[in-house]
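Data first, discussion second: the structure below is written as structure tokens.
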Amino acid sequence: MTTSNASTTAPRRIARRTRGHDSGGPITRLMSPSDLGQLLKPFVFLDIFSAGGATLRMMEEMPLHPHSGIATVTVFTEGRMRFNDPANGTGTIGYGGVEWMRAGGGVWHGKEMTPDEVPRIQGFQLWLSLPAELENGEPVSRYIEAKDMPQAGPAHVIVGQHAGVHSPVPAPEGINYLLVTLRAGERWTYQPPKGHAVGWLALAKGSLLADGRIEAGEMVVFESGDAAIELEASGATDAVFVLGSAVPHPHPLHLGYYSVHTSAQALANGERRIAELARKLQEAGDRRTESGTIPVFR
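Residue numbers (full-length UniProt numbering): 1 to 298.
Structure follows, in structure tokens:
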């Protein structure tokens, strides 16, 4: 089976590969703002997480933490998580759904979702650096279930637009982020929009051919340009992956521990707001819902 978008140029070649940094727990860091994030901005951070049993409980015990200057995008390749937020309702996020959290000027989060009754969770968390006009703006959270997310062929359009399909996620322009499953033997061509010189993918399951073999757990960076990315699921099982393309972020990255901004002043503003929210969070006391979640604090 073959699905494609027309391409008039030679396919993209792989420029770099990584398996990231495995801390020995449920999370492997594939990209950070201090390494590949410098090359792939506005994509500045990517974790793949995989947990079941005791490691699933480890993820539930992770503490609240702050962010500013970025948006986080969380998708699942296996399992489901429940959300319960007075401002956004209740529901579940599984394959094809997304949690979008634009931190802007500052938030505390980390417990706004809890595992559903599933044996295992796997997925990706991505950070996007925000443009200057949004990096210290009002935070925005969205939980969009799979039934409300659009598809274009084998791809769920998580952020941006692809093949005439638009994501409902309120993301900045010039960024595409897709969650894709190719059946064994299926071929697929992704043609990025004009100007999307940044391109990469990270594979959760299976194997792919794309200017060489890509195995589960790998992230690959494609050479700069907007030529097509040609892929084939080469193993005996389905290949499940995320793929990003974007117009390059034009600003330097100013880094805090949990924050990424376009300038030192914007970073200082974000960190000041985070500290202010920490005091208010302590004053707010126990905010845990009946289902065990703690809504994003903004």
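Glycine included, each C-beta is placed from N, C-alpha and C at the ideal position.
For the putative contact between residue i and residue j, defined by C-beta atoms under 8 Å, what is the C-beta separation to the nearest angstrom?
i           : j           : result
residue 209 : residue 241 : Contact flag wrong, Cβ pair sits at about 12 Å.
residue 46  : residue 202 : 6 Å
residue 176 : residue 225 : Contact doesn't hold; Cβ gap of about 15 Å is too wide.
residue 281 : residue 108 : 6 Å
residue 72  : residue 204 : Contact doesn't hold; Cβ gap of about 18 Å is too wide.
DSSP state of residue i, grouped into three classes?
i           : result
residue 7   : In this prediction, residue 7 has a pLDDT of 46, which is less than 50 and means its spatial position is unreliable; what the coordinates show is noted afterwards. Coil, per DSSP.
residue 41  : coil
residue 239 : strand
residue 272 : helix
residue 299 : As shown, the chain starts at 1 and ends at 298. That puts residue 299 outside it, with no answer to give.
residue 130 : coil
residue 255 : strand
residue 15  : strand
residue 246 : strand
Short of 8 Å in beta carbon distance, which residues of its chain neighbour residue i, apart from the five on each side in sequence? Order them along the chain.
i           : result
residue 7   : Caution is warranted here: a pLDDT of 46 is assigned to residue 7, below 50, making its placement in the model unreliable, and the coordinate value is therefore given only provisionally. Same-chain partners within the cutoff: 189, 191, 227, 228 and 230.
residue 58  : 25, 26 and 51
residue 149 : 96, 97, 98, 156, 157, 158, 167 and 168
residue 170 : 100, 102, 140 and 142
Skipping 5 residues on each side, what residues in its chain have a beta carbon closer than 7 Å to that of residue i?
i           : result
residue 62  : 110
residue 292 : 114
residue 42  : 128, 129, 175, 246 and 249
residue 234 : 207, 208, 209 and 213
residue 32  : 45
residue 15  : 221, 222 and 223
Ordered along the chain, which non-local residues of its own chain (more than five positions away) have a Cβ less than 6 Å from that of residue i?
i           : result
residue 264 : 254
residue 79  : 118, 120 and 121
residue 165 : 150, 152 and 157
residue 271 : 256
residue 85  : 295
So who's on the other strand from residue i, going by DSSP bridges?
i           : result
residue 122 : 50 and 78
residue 215 : 207
residue 230 : 189
residue 28  : 22 and 48
residue 221 : 16 and 200
residue 144 : 98
residue 296 : Residue 296 pairs with nothing; no bridge assigned.
Pick out the complete beta strand (DSSP E) segments inside the region 43-98, 3 residues or longer, and give them in chain order. 43-52, 65-67, 70-78, 81-85 and 89-93
Output the residue ranges of the beta strand (DSSP E) runs that lie fully inside the region 149-203 and measure 3 residues or longer, sorted by chain position. 155-159, 175-182 and 187-190
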